[in-house]
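**Student:** One structure is given below, represented as structure tokens, and several questions about it will come after.
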Ligand code: NAD
């Protein structure tokens, strides 16, 4: 059985903490590995290592840093199948879905290959008499990323690729549920030519996270995970003077207007609601048909599709989705389905008793569908993070617009309609960070930025795209004057006043 330690100073190292956690294979329910849970001292050792390596990396010209990223992109592409298999085994998502997880991360590494251009500063000649002014972007130093279980390839790459390209050293604390892929990515970065110490992976739990948050040598923290932890990380990181961007949970709505093409809508909804067993922060978990006849047409087509979803082991390429990540997650999700029934919602498809033949100990459940969900129910207000879709019937467009706008979370939202005016009005008014128009999962492409609003995102600046370069650099502004431009005598007024 594999036992994961840490990746520090350019190599895998054994842990000294004496504490470990189990890493499961959700499709069989077996324990496939153990993962070390770092002590405070191990975290400090990783930070010191990173701190020593960082100045030379920052002084390496940006084209050379970009070339490391180019080779990394190439290496990940070569190891696609191996990484996707490992990812599917530890996470539970299907292999084709695991490839998507790698792909969306890799696109941010491709974006980071443009770092020489992205880090260029500004210059103004003659900003005052004989005065020129210019700005430059400099790396922060050592920065950290704390990432969730549900995208073990994508989110670590979203964090470390721009941070490292900017000239920082990085300490990654990935999810303890599926640390295998982050460890392999660190190895591939070394193979791509990254100097030792610039990318470190410290496995662990709250002890490791708190050690990173309190360490004055960590200058910024990028977090993705559930909202209560996002808020906690944001507050604790700020208390020790760090930059922090902390992305949290979600409850993403899909508004279905009466003029929407119902076949296209149901195709989009079934993939966005149940893909990856609903364990995506951009999954649609609430469908809002507008008008009773829209709702009835939707349910007529949706119910048989949910009943016929194909659940399978992660290695079955024909499965729609695989098991959920742990037995505890399975119990939590089923608990929410029980709660929805108690709250008075109508469970029209019940997947709670699904068993996978030949994989009886795996963490499987079938798709569940609720109708007549009301906005004061806990199954509407809270994130379930499983294959459970709620239908909230709205009478009017205005009522449908209010639901995502007034919801505590504000990650993603979609509207399905043929009416350009309605779509435009919706995109302008809805209080949510990422909007899809006839696109169910509007994850922005790598050169735009990704970030939710309200309880889905704490802090400033989004992930990837130009914001990531702003987040991982600080701006220095230089005002210069040479002797020929210096006037005689002391000056007592602001130069631009002259
Ligand atoms: P989680 O909050 O349990 O864990 C995320 C990270 O925080 C892990 O590395 C974990 O070890 C650490 N952590 C957990 N508890 C901690 C504590 N008490 N103190 C310090 N650190 C702690 O999240 P998860 O279950 O791994 O991931 C699923 C969640 O992530 C969902 O809520 C999902 O919506 C969210 N998510 C959000 C986005 C986004 O971009 N907004 C993307 C993916 C996932």
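In the numbering used here, the protein residues as written are 1045 to 1542.
All residues carry an ideal CB built from backbone N, CA and C; glycine is no exception.
Model, not experiment: these values are computed from the prediction.
Cα separation between residue 1509 and residue 1385?
**Tutor:** Near 42 angstroms, if we compare the C-alpha coordinates of residue 1385 and residue 1509.
**Student:** Between which residues of its own chain and residue 1043 is the CB-CB distance below 8 angstroms, once the five residues before and five after are set aside?
**Tutor:** Shown here, the chain extends from 1045 to 1542; a query on residue 1043 therefore has no answer.
**Student:** DSSP has residue 1055 in a bridge; who is on the other side?
**Tutor:** For residue 1055, which the question treats as bridged, DSSP gives the partners 1052.
**Student:** Is it right to say residue 1453 is buried, meaning 16 or more other beta carbons lie within 10 angstroms of its own, or is it exposed?
**Tutor:** It counts as buried.
**Student:** When you compare only the Cα positions, how much space is there between residue 1097 and residue 1469?
**Tutor:** Between residue 1097 and residue 1469, the C-alpha separation is close to 51 angstroms.
**Student:** Between residue 1242 and residue 1208, is the Cβ-Cβ spacing less than 8 angstroms?
**Tutor:** Closer than 8 angstroms, so yes.
**Student:** From what residue to what residue does the beta strand (DSSP E) around residue 1262 run?
**Tutor:** It spans 1262-1268 - the beta strand (DSSP E) in which residue 1262 sits, taken as one unbroken run.
**Student:** So residue 1358 and residue 1045 are in contact, right, with Cβ under 8 angstroms, and what is the actual spacing, rounded?
**Tutor:** Between residue 1045 and residue 1358 the Cβ distance is about 19 angstroms, and since that is not below 8 angstroms, they are no contact.
**Student:** For residue 1413, which of helix, strand or coil comes out of DSSP?
**Tutor:** Reduced to three states, the DSSP call for residue 1413 is strand.
**Student:** Taking the alpha carbon of residue 1356 as the point to measure from, which residue in 1419, 1398, 1390, 1340 has its own alpha carbon closest?
**Tutor:** Checking every option, the nearest Cα to that of residue 1356 belongs to 1398.
**Student:** Please report how far the alpha carbon of residue 1203 lies from the alpha carbon of residue 1323, in whole angstroms.
**Tutor:** The straight-line gap from Cα to Cα measures roughly 20 angstroms.
**Student:** Excluding the 5 residues flanking residue 1543 on each side, which residues of the same chain have their C-beta closer than 7 angstroms to its C-beta?
**Tutor:** For the chain, the structure presents residues 1045 to 1542; residue 1543 sits outside this window and is missing.
**Student:** Per DSSP, what kind of secondary structure is residue 1127 in: helix, strand or coil?
**Tutor:** DSSP places residue 1127 in helix when its eight states are reduced to three.
**Student:** Near residue 1521, which residues of its chain fall below 6 angstroms by C-beta distance, leaving aside the five closest residues on each side in sequence?
**Tutor:** So the list reads 1179, once near-sequence residues are dropped.
**Student:** Beta-carbon within less than 7 angstroms of residue 988's beta-carbon, same chain only, minus the 5 sequence neighbours each way: which residues are those?
**Tutor:** The structure shown does not extend to residue 988, since the chain is modelled only from 1045 through 1542, so no value can be given for it.
**Student:** Taking just the CA atoms, how far does residue 1331 sit from residue 1436?
**Tutor:** Their backbone Cα atoms lie some 6 angstroms apart in a straight line.
**Student:** Within 10 angstroms of the Cβ of residue 1161, are there 16 or more other Cβ atoms? Answer buried if so, exposed if not.
**Tutor:** By the 10 Å Cβ count, residue 1161 comes out exposed.
**Student:** Buried or exposed: which applies to residue 1056, given that a residue is buried once 16 or more other Cβ atoms fall within 10 Å of its Cβ?
**Tutor:** Exposed is the call here.
**Student:** Just verifying my parser: in three-state terms, what is the DSSP assignment at residue 1335?
**Tutor:** Residue 1335: coil per DSSP, three-state reduction.
**Student:** Closer than 8 angstroms by C-beta to residue 1060: which residues in its own chain qualify, once you throw out the five before and the five after it? Chain order, please.
**Tutor:** So the list reads 1083, 1085, 1086, once near-sequence residues are dropped.
**Student:** At a cut-off of 7 angstroms, is residue 1217 close to ligand 1 when judged by its beta-carbon and the heavy atoms of the ligand?
**Tutor:** Yes, the Cβ of residue 1217 comes within 7 angstroms of a heavy atom of ligand 1.
**Student:** Taking the Cβ atom as the reference point for each residue, do residue 1225 and residue 1246 lie within a distance shorter than 8 angstroms?
**Tutor:** No, Cβ-Cβ distance for residue 1225 and residue 1246 is not below 8 angstroms.
**Student:** Sorted by chain position, which residues of the same chain lie with C-beta nearer than 8 angstroms to residue 1107's C-beta, five sequence neighbours on each side aside?
**Tutor:** 1160.
**Student:** State the Cα-Cα distance for the pair residue 1505 and residue 1150, rounded to the nearest angstrom.
**Tutor:** Looking at the two C-alpha atoms, the distance is approximately 21 angstroms.
**Student:** Considering only heavy atoms of ligand 1, does any lie closer than 7 angstroms to the CB of residue 1222?
**Tutor:** No, ligand 1 has no heavy atom inside 7 angstroms of this Cβ.
**Student:** DSSP three-state label for residue 1297, please.
**Tutor:** Three-state DSSP puts residue 1297 in a strand.
**Student:** Quick one: does the C-beta of residue 1294 sit closer than 7 angstroms to a heavy atom of ligand 1?
**Tutor:** Indeed, a heavy atom of ligand 1 lies less than 7 angstroms from the Cβ.
**Student:** Under the rule that 16 or more other beta-carbon atoms within 10 Å means buried, what is residue 1507, buried or exposed?
**Tutor:** By the 10 Å Cβ count, residue 1507 comes out buried.
**Student:** Is it right to say residue 1272 is buried, meaning 16 or more other beta carbons lie within 10 angstroms of its own, or is it exposed?
**Tutor:** Burial call: exposed.
**Student:** How would you write the range of the alpha helix (DSSP H) that residue 1201 sits in, first residue to last?
**Tutor:** Looking at the DSSP string, the run of the alpha helix (DSSP H) that includes residue 1201 is 1198-1209.
**Student:** Quick one: is the Cβ of residue 1427 within less than 7 angstroms of any heavy atom of ligand 1?
**Tutor:** Under cutoff, so the answer is yes.
**Student:** If contacts are defined as beta-carbon pairs under 8 angstroms, then residue 1361 and residue 1139 qualify, I think. What distance do you get, rounded to the angstrom?
**Tutor:** Contact flag correct, Cβ pair sits at about 6 angstroms.
**Student:** Between which two residues does the alpha helix (DSSP H) holding residue 1380 run?
**Tutor:** First-last of the alpha helix (DSSP H) with residue 1380: 1371-1387.
**Student:** Which residues mark the beginning and the end of the alpha helix (DSSP H) in which residue 1112 is found?
**Tutor:** Where residue 1112 is concerned, the enclosing alpha helix (DSSP H) stretches over 1106-1122.
**Student:** Find the nearest neighbour of residue 1415 within the set 1404, 1402, 1341, 1374, judged by alpha-carbon distance.
**Tutor:** Nearest of 1404, 1402, 1341, 1374 to residue 1415, Cα basis: 1341.
**Student:** Measure the Cβ-Cβ separation of residue 1503 and residue 1288 and say whether it is below 8 angstroms.
**Tutor:** Yes, they are a contact pair.
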